[in-house]
Amino acid sequence: MSKKRSIFEEVSEAQPKAQPVQPGVIDRAARTGARGAVRVWLMMLFGLVVIMIAVGGLTRLTDSGLSITEWAPIAGAIPPLSAEDWAREFDLYRAIPEYQLQNKGMTLAEFQFIYWWEWGHRQLGRVIGLVWALGFFGFLVTRKIPPGWTGRLFLLGVLGGLQGAIGWWMVASGLTGTMLDVASYRLATHLGLAFFILGLIAWYIMVLGRPERDLLQARRSGEAGLVTGANWLMGLAAVQILLGALVAGIDAGRTYTDWPLMAGGFLPLNMWELEPIWRNFFEDPGLVQFNHRMVGYLLLLVGLYVWWRSRRSAHVTTKRAFDWVAVILFGQMVLGIVTVLNAAPWTWAIAHQFGAVVTICLILRARFRARYPVATSLRGAVA
Amino acid sequence: MSDASFDRSMPLSGEGSFGDYFALLKPRVMSLVVFTALVGLLVAPVSLHPMVGFCAILFIAVGAGASGALNMWWDADIDVIMKRTAGRPVPAGKVQPGEALALGLGLSGLSVVMLALATNLLAAGLLAFTIFFYAVVYSMWLKRSTPQNIVIGGAAGAFPPMIGWVAATGSVSLEAVLMFALIFMWTPPHFWALALFMKSDYHDAGVPMLTVTHGRKSTRTHILVYTVLLVPVALGLALTPVAGPLYLATALVLNAIFLKGAWDIWRRDEAQAEADKYATEKRFFKFSLLYLALHFTALLAEAILTRSGLWTFGG
Numbered sequence: 001m002s003k004k005r006s007i008f009e010e011v012s013e014a015q016p017k018a019q020p021v022q023p024g025v026i027d028r029a030a031r032t033g034a035r036g037a038v039r040v041w042l043m044m045l046f047g048l049v050v051i052m053i054a055v056g057g058l059t060r061l062t063d064s065g066l067s068i069t070e071w072a073p074i075a076g077a078i079p080p081l082s083a084e085d086w087a088r089e090f091d092l093y094r095a096i097p098e099y100q101l102q103n104k105g106m107t108l109a110e111f112q113f114i115y116w117w118e119w120g121h122r123q124l125g126r127v128i129g130l131v132w133a134l135g136f137f138g139f140l141v142t143r144k145i146p147p148g149w150t151g152r153l154f155l156l157g158v159l160g161g162l163q164g165a166i167g168w169w170m171v172a173s174g175l176t177g178t179m180l181d182v183a184s185y186r187l188a189t190h191l192g193l194a195f196f197i198l199g200l201i202a203w204y205i206m207v208l209g210r211p212e213r214d215l216l217q218a219r220r221s222g223e224a225g226l227v228t229g230a231n232w233l234m235g236l237a238a239v240q241i242l243l244g245a246l247v248a249g250i251d252a253g254r255t256y257t258d259w260p261l262m263a264g265g266f267l268p269l270n271m272w273e274l275e276p277i278w279r280n281f282f283e284d285p286g287l288v289q290f291n292h293r294m295v296g297y298l299l300l301l302v303g304l305y306v307w308w309r310s311r312r313s314a315h316v317t318t319k320r321a322f323d324w325v326a327v328i329l330f331g332q333m334v335l336g337i338v339t340v341l342n343a344a345p346w347t348w349a350i351a352h353q354f355g356a357v358v359t360i361c362l363i364l365r366a367r368f369r370a371r372y373p374v375a376t377s378l379r380g381a382v383a
Numbered sequence: 001m002s003d004a005s006f007d008r009s010m011p012l013s014g015e016g017s018f019g020d021y022f023a024l025l026k027p028r029v030m031s032l033v034v035f036t037a038l039v040g041l042l043v044a045p046v047s048l049h050p051m052v053g054f055c056a057i058l059f060i061a062v063g064a065g066a067s068g069a070l071n072m073w074w075d076a077d078i079d080v081i082m083k084r085t086a087g088r089p090v091p092a093g094k095v096q097p098g099e100a101l102a103l104g105l106g107l108s109g110l111s112v113v114m115l116a117l118a119t120n121l122l123a124a125g126l127l128a129f130t131i132f133f134y135a136v137v138y139s140m141w142l143k144r145s146t147p148q149n150i151v152i153g154g155a156a157g158a159f160p161p162m163i164g165w166v167a168a169t170g171s172v173s174l175e176a177v178l179m180f181a182l183i184f185m186w187t188p189p190h191f192w193a194l195a196l197f198m199k200s201d202y203h204d205a206g207v208p209m210l211t212v213t214h215g216r217k218s219t220r221t222h223i224l225v226y227t228v229l230l231v232p233v234a235l236g237l238a239l240t241p242v243a244g245p246l247y248l249a250t251a252l253v254l255n256a257i258f259l260k261g262a263w264d265i266w267r268r269d270e271a272q273a274e275a276d277k278y279a280t281e282k283r284f285f286k287f288s289l290l291y292l293a294l295h296f297t298a299l300l301a302e303a304i305l306t307r308s309g310l311w312t313f314g315g
């Protein structure tokens, strides 16, 4: 006799397999790739680039940039280890104008001090290149790169390589003729690209910090006006950083050491002396510092205007992001003024440069918050 | 409406326009601060570059605005009760209390640091003390605890000419102290006259204004006493190097009128005042604004005329 059946039992013995619901394209994209791991790797790169910018600044401030007169990306990784090695490096340095016209009589110990700064800066560049290569190719081989990100992450490596080449192009400008420093234009290009790379990494970190579907949804409630405002701030901040590089490049921060005036007047003295006229905007210490001051004031005013516009935002986190932009812009201005009042000692100068790093990151963060707002409840809590 | 009806931590709509945020800085009060600070700066016996002068006045103005924002943040619960202040941005719900606080603190820091960098530490220290005095000592403590709130609190409004002077010279001197004293002694009669015809507002809000705690007769007496004390300060300033015949003539006329006004207020009883809807008190209040403005205008005119060589009497 057959076994008793439950009245609810299926007639057929063969149970049909439950078909799982197929996720949509957005969900699939979010689940594939290791967004978190890639983000951690980018954070490491970000930290290294910040240190790199600081070390680069100190290399400039200690007048160490021309101490290594050769371009040896691989072989240069090993520093001089013997007395002969040091003698050879020192002889190469003695042949350049900086030594002959400015540092004649420098001791080996003094040379070693500036050499280690430049070597450290270059070595850090190699470390960054290695961290990028290991991470990128590691994620590529294990197929952990999120969809659409291969090109973006590869671009970082390309820009890093380009930065190394620009670094040498910059150093080469100070090895001939009567140059006592690297060309300020090339220094500005080098620093400008460093900030561009840093900004790109920061943006990637923020984008990878939220799932793709969240970003697509958030973008619908994005605030175009604030994004535009943040774009203006980014543009002005970029100009200001390039002007800051020119100030550093020609030691303009050590010439006019009063504020709000410049040598007792609103305008610097003899500011149109160089021929042709346009050269004054890049090479006259007074005019270069004056422009850096004026763009600083403009940046603060635009920043305060954008901050006020952000008050209308319905998103608390967006408002807070712009609050921090206003705070850092004010802080940067104070740092700049204190730096110039003290004739730009390396301590204040490097703090001011680090302030620029924070400024760029906070403007980018505000732009990200405006473009991809975080949903908040009526009481202001994050939903 | 009770005090509990307004919660400072409440996230309101906060759809404030530029005008609302600017109103937080109390622009009318700020204009008086700017003017008196400018006089303090310009009558000082030093030549100051216009750019430095502009920066000093700008940061003093920002500091005044900052203390205004802090005051509006703290007083939102009573502002919502009083007719005169109910339309302010925070009680009206146009600006969130937290934003008023953040703006006040941010601008306080900005103004003090920038004034220190543009002029000197003493001027910045005085500005910091003024902001603290107005926001904490006056707004948070004295205003709601003593009928003498306006007397002691008046010091905050009296500092600007002294800050202007110190920004220019780097030190405090008799002239600066007398300019401070002029505003300090002028503040109580000015505000008590206002309180005489705005009594119900202060009463409803529970602010211990003299009219509420000691009655109107006592307030009238206080107005007269403080006006009598004010006159020698105003005339004493004429004996310093920053003043001269123009200031002395102006001060004599203004103080005679002001003293007469205070005397008229003291002689009146409530029945008379109510009968003409406090016309004398309102007239005295309006004139008190002119009184202060003209004293400082005379000082300024004297300084400008002396500097330009058109006037040879001044010190």
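Chains U and D are the protein sequences, given in the same order. The UniProt record's numbering puts the last residue of the first sequence at 383; the count rises by one with no breaks. The UniProt record's numbering puts the last residue of the second sequence at 315; the count rises by one with no breaks. All C-beta atoms in this analysis are idealised placements derived from N, C-alpha and C, irrespective of residue type, glycine included. In this text the structure is predicted, and so the values were computed from the model without any measurement.
Please go through the same chain and pick out, in chain order, the residues whose beta-carbon is closer than 8 Å to the beta-carbon of residue i, but skip the five residues on each side of it.
| i | result |
| --- | --- |
| Met52 (chain U) | His121, Leu124, Gly125, Ile128, Ala194 |
| Ala183 (chain U) | Met170, Ser173, Gly174, Gly249 |
| Leu378 (chain U) | With a pLDDT of only 48 at Leu378 (chain U), under the threshold of 50, the placement of this residue in the model should not be trusted, and no figure is reported. |
| Gly167 (chain U) | Arg122, Gly125, His190 |
Who are the Cβ neighbours of residue i in its own chain at under 7 Å, not counting the five residues just before and after it?
| i | result |
| --- | --- |
| Met44 (chain U) | Val131 |
| Gly303 (chain U) | Leu233, Val325, Ala326, Leu329 |
| Met140 (chain D) | Trp74 |
| Arg152 (chain U) | Tyr204 |
| Pro73 (chain U) | Gly164 |
| Ala263 (chain U) | Tyr256, Leu269 |
| Arg371 (chain U) | Arg219, Gly222, Val227 |
Using a C-beta to C-beta distance shorter than 7 Å, which residues of chain U count as neighbours of residue i?
| i | result |
| --- | --- |
| Val52 (chain D) | Pro260, Leu261 |
| Glu175 (chain D) | Chain U residues near Glu175 (chain D): none, gap ~25 Å exceeds 7 Å. |
Name the chain D residues that come within less than 7 Å of residue i, Cβ to Cβ?
| i | result |
| --- | --- |
| Trp117 (chain U) | Simply none; closest approach about 31 Å. |
| Ile337 (chain U) | Leu117 |
Counting only Cβ pairs nearer than 9 Å, list the residues of chain D close to residue i.
| i | result |
| --- | --- |
| Val334 (chain U) | Leu110, Val113, Met114, Leu117 |
| Phe330 (chain U) | Gly106, Gly109, Leu110, Val113, Met114 |
| Arg35 (chain U) | Residues of chain D passing the Cβ test: none, with the nearest at roughly 33 Å. |
Anything in chain U within Cβ reach of residue i, meaning under 9 Å, just list it in chain order.
| i | result |
| --- | --- |
| His49 (chain D) | Pro260, Leu261, Gly264, Gly265, Phe266 |
| Ala102 (chain D) | Asp323 |
Looking at residue j and residue i, is the spacing between their C-beta atoms short of 7 Å?
| i | j | result |
| --- | --- | --- |
| Val295 (chain U) | Gln353 (chain U) | no |
| Thr130 (chain D) | Ala156 (chain D) | yes |
| Phe296 (chain D) | Gly261 (chain D) | no |
| Met51 (chain D) | Leu48 (chain U) | no |
| Pro285 (chain U) | Thr255 (chain U) | yes |
| Met185 (chain D) | Leu230 (chain D) | yes |
| Pro79 (chain U) | Trp86 (chain U) | no |
| Thr59 (chain U) | Trp117 (chain U) | yes |
| Leu103 (chain D) | Leu115 (chain D) | no |
| Met162 (chain D) | Phe180 (chain D) | yes |
For residue i, go through chain D and note every residue whose CB falls closer than 8 Å to its CB, in chain order.
| i | result |
| --- | --- |
| Arg152 (chain U) | Under the 8 Å cutoff, chain D gives no residues; its nearest Cβ is about 36 Å from Arg152 (chain U). |
Under 6 Å Cβ to Cβ from residue i, same chain only, skipping five residues before and after it: list those, please.
| i | result |
| --- | --- |
| Arg369 (chain U) | Thr317, Thr318, Ala321 |
| Asp27 (chain U) | Residue confidence for Asp27 (chain U) is low, a pLDDT of 47 falling below 50, so the modelled location carries little weight and cannot support an answer. |
| Gly19 (chain D) | none |
| Arg365 (chain U) | Ala321 |
Under 8 Å between beta-carbons, which chain U residues line up against residue i? List them in chain order, please.
| i | result |
| --- | --- |
| Glu302 (chain D) | The contacting residues do not exist; Glu302 (chain D) stays about 27 Å from chain U at best. |
Is there a Cβ of chain U sitting closer than 7 Å to that of residue i, yes or no?
| i | result |
| --- | --- |
| Val62 (chain D) | no |
Strictly under 7 Å for the Cβ-Cβ distance: is residue i near chain C by that measure?
| i | result |
| --- | --- |
| Ile51 (chain U) | Among the protein chains of the structure shown, namely U and D, there is no chain C. |
> What are the residues of the segment 106 to 117 of chain D that lie near chain U, defined by any Cβ-Cβ distance shorter than 9 Å?
Replying inline: Gly106, Gly109, Leu110, Val113, Met114, Leu117
> Along the segment 262 to 279 of chain U, what residues have a CB closer than 8 Å to any CB found in chain D?
Replying inline: Gly264, Gly265, Phe266
> Which of the residues in the segment 353 to 365 of chain U, read from start to end, lie with their CB under 9 Å from any CB of chain D?
Replying inline: none
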